[in-house]
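Chemist: In our numbering, the protein residues as written are 945 to 1055.
Cβ atoms here follow ideal geometry from the backbone N, Cα and C, with glycine treated the same way.
Nothing here was measured: the structure is a model prediction, and the numbers come from that model.
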Amino acid sequence: IVNVSSVVGQIGNVGQANYSASKAGIMGFTKTVAREVAARGIRVNAVAPGFIQTEMTASLPEKVREKFLEQIPMGRMGEPEEVAEVIYWLCSESSSYLTGQIIHVNGGLYM
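#1: Count the other CB atoms, across all protein chains shown, that sit within 10 Å of the CB of A990; report buried if there are 16 or more and exposed otherwise.
#2: Less than 8 Å separating the beta-carbons of G956 and L1053?
#3: Based on Cα-Cα distance, which residue from E1006, T998 and M1018 lies nearest to E1025?
#4: With three or more C-beta pairs closer than 8 Å as the rule, is the segment 1033 to 1045 touching the segment 961 to 971?
#5: Write down the C-beta distance between V988 and N1050 rounded to the nearest angstrom, noting that I regard them as a contact closer than 8 Å.
#6: Identify, in the order they occur along the chain, each residue of the same chain with its Cβ nearer than 7 Å to the Cβ of S1003, setting aside the five sequence neighbours on each side.
#7: Can you name, in chain order, every residue of its own chain whose Cβ lies under 7 Å from the Cβ of V935, other than the five neighbours on each side?
#8: Let me know the secondary structure DSSP gives V951 once reduced to three states.
#9: Please state the DSSP three-state secondary structure of I1016.
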């Protein structure tokens, strides 16, 4: 099982208390369910993307985008494919000893 959270669930964001709380809840849910089902061979992890180049982020005013980019050590937004590759890996046998983890895909925004 791979849940999708957000970096905002970890760091918060002004004006997004409801969104931040829901994404933090996904993180707690992931860890709890992972403990409950691990003995049955079920792995549960989550991906917490940062700022990803999507229609939503493309519609942000340029000044807002620039402010976000200043906070990302890698200096760019991620691509949807980069998040998808992590999800694919989590679903593969290559991650067979991993459960209850939150994988942050955010260019270093949250370390």
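Modeler: According to the data block:
#1: Burial check for A990: the Cβ neighbour count within 10 Å reaches 16 or more, so the residue is buried.
#2: no
#3: T998
#4: no
#5: With 8 Å as the limit, V988 and N1050 do not qualify as a contact, their Cβ atoms being about 21 Å apart.
#6: none
#7: The requested residue 935 does not occur in the structure, where the chain is confined to residues 945 to 1055.
#8: coil
#9: coil
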